[in-house]
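Visitor: First the structure, which I've put down as structure tokens, then a few questions once you've had a look.
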Amino acid sequence: MRTCLFLFPAILLASCAGNNERTGSEPDELSASLMLETNYIKPAAPVMVYGIEGYYTGFFEAEEFDANKNYMWSNKITVSIDSLSETTLYGHSVVAGNVRPFSGTYNRADKTWQATVSEPGDDRYDGVFTFSVHSDSLVLRGTWTANDKKLAVTKRKYQLEHRVFGYDPNIDLPEDVTYTKLYGSYNEEDESVEAITEDALRFNPSVTLLKKEDIENMYQGDLEVMRNSIYARHGYSFRNRRMRFLFDQLVDWYMPVSVNITGELTDL
Numbered sequence: 236m237r238t239c240l241f242l243f244p245a246i247l248l249a250s251c252a253g254n255n256e257r258t259g260s261e262p263d264e265l266s267a268s269l270m271l272e273t274n275y276i277k278p279a280a281p282v283m284v285y286g287i288e289g290y291y292t293g294f295f296e297a298e299e300f301d302a303n304k305n306y307m308w309s310n311k312i313t314v315s316i317d318s319l320s321e322t323t324l325y326g327h328s329v330v331a332g333n334v335r336p337f338s339g340t341y342n343r344a345d346k347t348w349q350a351t352v353s354e355p356g357d358d359r360y361d362g363v364f365t366f367s368v369h370s371d372s373l374v375l376r377g378t379w380t381a382n383d384k385k386l387a388v389t390k391r392k393y394q395l396e397h398r399v400f401g402y403d404p405n406i407d408l409p410e411d412v413t414y415t416k417l418y419g420s421y422n423e424e425d426e427s428v429e430a431i432t433e434d435a436l437r438f439n440p441s442v443t444l445l446k447k448e449d450i451e452n453m454y455q456g457d458l459e460v461m462r463n464s465i466y467a468r469h470g471y472s473f474r475n476r477r478m479r480f481l482f483d484q485l486v487d488w489y490m491p492v493s494v495n496i497t498g499e500l501t502d503l
């Protein structure tokens, strides 16, 4: 298997790297084997009762951070309002390969709902979400503040749109993926960087049974993106920054809703 490398000025690749953030179990994203979905059942969406339940997806952006530490400026996040009682709002978030439940109080003024909800606190990266939702626009805006003030990012902001998760095996990767420089692949010694080629878009492995000869001459990065497009269609939240950066930033239809989809895939 080949590795596609391009020379690229070092100054354009200066970014925050490292793995000091939320983690969770995930498939072996560097494996060369491809998968094919069978009998997929999408996650059950929250039932709309009060008019604001459901998934809200968008970018989770750093607002207060330590520039001397490794961090990601922006990750795609899904905040789910699961249910409400007379006094309490329940939900969970999915971001960077991690799912965390939350609950807290809310109040309502006409069509605007305001809530302050806390994650359990038994994870280093837990914190408090404070947000508002308008029942007409279904846009969720707010901030998240970390419990641990020693983290690289201690506060994030977000403006998320209500979305219904729909699994579609036929949806293709956008052409913008082509020639994307893979996160963390820059080599300081020869100033090269691994990039994606058009081969990553040749097949949709969610609907195509691939033969050995279809992929044996592909670059490693192209094969990696092709394989992980299967996970992305299932709404898998990537822990691995290399894939997360690409799908978060370049694939509009991608929506993280789960961290465990291996039971829905079969090896070819």
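Residues 236 to 503 in the working numbering are what the sequence shown lists, from first letter to last. Here a beta-carbon is modelled for each residue, glycine too, at the ideal position from N, C-alpha and C. Predicted model, so just to flag it, every value in this text is computed and none were measured.
What do you get for P346, buried or exposed, if any count of 16 or more other CB atoms within 10 angstroms of its CB means buried?
Guide: For the purposes of this step, residue 346 is taken as the residue at position 111 of the sequence shown. A quick correction: the sequence has Lys, not Pro, at residue 346. Around the beta carbon of K346, a 10 Å sphere encloses fewer than 16 other beta carbons of the protein chains shown; the residue is thus reported as exposed.
Visitor: Taking C-beta to C-beta, are T413 and L436 nearer than 8 Å?
Guide: Taking the sequence shown and counting its residues from 1, one reaches residue 413 at position 178. Taking the sequence shown and counting its residues from 1, one reaches residue 436 at position 201. Yes, Cβ-Cβ distance for T413 and L436 is below 8 Å.
Visitor: Under the criterion of a Cβ to heavy atom distance below 7 Å, does D411 qualify as lining the ligand HEM?
Guide: Annotation note on the ligand HEM: not contained in the displayed structure, which lists no ligands.
Visitor: E298 lies in the beta strand (DSSP E); which residues open and close that run?
Guide: Mapped onto the sequence shown, residue 298 falls at position 63. 289-300 is the span of the beta strand (DSSP E), which, as asked, contains E298.
Visitor: Consult DSSP for F482 and reduce its assignment to one of helix, strand or coil.
Guide: On the sequence shown, residue 482 is found 247 positions in, with the first residue counted as 1. The answer is helix: DSSP assigns F482 an H, G or I state.
Visitor: Can you confirm whether the region 446-460 touches the region 387-401 when touching is taken to mean that 3 or more C-beta pairs between the two stretches lie within less than 8 Å?
Guide: In short, these stretches do not touch, since the Cβ pair count stays below three.
Visitor: Label I496 either buried or exposed according to how many other C-beta atoms from any shown protein chain fall within 10 Å of its C-beta, with 16 as the threshold for buried.
Guide: For the purposes of this step, residue 496 is identified with residue 261 of the sequence shown, where counting begins at 1. Looking at its Cβ environment, which holds 16 or more other Cβ atoms inside 10 Å, I496 is buried.
Visitor: Around the C-beta of E410, are 16 or more other C-beta atoms found within 10 angstroms, so that it is buried, or is it exposed?
Guide: Numbered from 1 along the sequence shown, position 175 holds the residue referred to as residue 410. By the 10 Å Cβ count, E410 comes out exposed.
Visitor: Let me make sure I understand the geometry here. Which of V329, Y360, L375 has the alpha-carbon closest to that of W348?
Guide: Residue mapping note: residue 348 aligns to position 113 of the sequence shown, counting from 1. With distances taken between Cα atoms, W348 lies closest to L375.
Visitor: Of the residues V282, Y285, G326, V330, which one's Cα is nearest the Cα of F294?
Guide: As a first step, residue 294 must be located in the sequence shown, where it is residue number 59. Nearest option by C-alpha distance: V330.
Visitor: With distances taken between CB atoms, is the gap from R462 to P404 smaller than 8 Å?
Guide: The count along the sequence shown starts at 1 and reaches residue 462 at position 227. The count along the sequence shown starts at 1 and reaches residue 404 at position 169. Not a contact, by the Cβ cut-off of 8 Å.
Visitor: The alpha helix (DSSP H) spanning E459 covers which residue range?
Guide: The residue given as residue 459 occupies position 224 in the sequence shown. Element bounds for E459: 455-468.
Visitor: Mind checking which residues open and close the beta strand (DSSP E) that includes I316?
Guide: For this step, residue 316 is matched to residue 81 along the sequence shown. That run of the beta strand (DSSP E) goes 309-319.
Visitor: Since N382 and G362 should fall inside the 8 Å C-beta cutoff, what is the C-beta to C-beta distance between them, to a whole number of angstroms?
Guide: In the sequence shown, residue 382 corresponds to position 147, counting from 1. In the sequence shown, residue 362 corresponds to position 127, counting from 1. Right, their Cβ atoms sit about 5 Å apart.
Visitor: What would DSSP say about V374, mapped onto helix, strand or coil?
Guide: Locating residue 374 in the sequence shown gives position 139, counting from the first residue. Strand, per DSSP.
Visitor: List the endpoints of the continuous alpha helix (DSSP H) containing E396.
Guide: In the sequence shown, counting from the first residue as 1, residue 396 sits at position 161. Segment 388-398 is the beta strand (DSSP E) holding E396; no alpha helix (DSSP H) there.
Visitor: Taking only the alpha-carbon atoms, compute the straight-line gap between F400 and P281 and give it to the nearest angstrom.
Guide: As a position in the sequence shown, residue 400 is number 165, starting the count at 1. As a position in the sequence shown, residue 281 is number 46, starting the count at 1. Distance between the alpha carbons of F400 and P281: 11 Å.
Visitor: If we count the other Cβ atoms within 10 Å of its Cβ and call it buried at 16 or more, is V379 buried or exposed?
Guide: Against the sequence shown, residue 379 aligns to sequence position 144. It should be pointed out that residue 379 corresponds to Trp in this sequence rather than to Val. Here W379 is buried. Its C-beta has 16 or more other C-beta atoms within 10 Å.
Visitor: Looking only at C-alpha atoms, which of G419, K446, Y341 sits nearest to A430?
Guide: Your numbering for residue 430 matches position 195 in the sequence shown. Cα-wise, what sits closest to A430 is G419.
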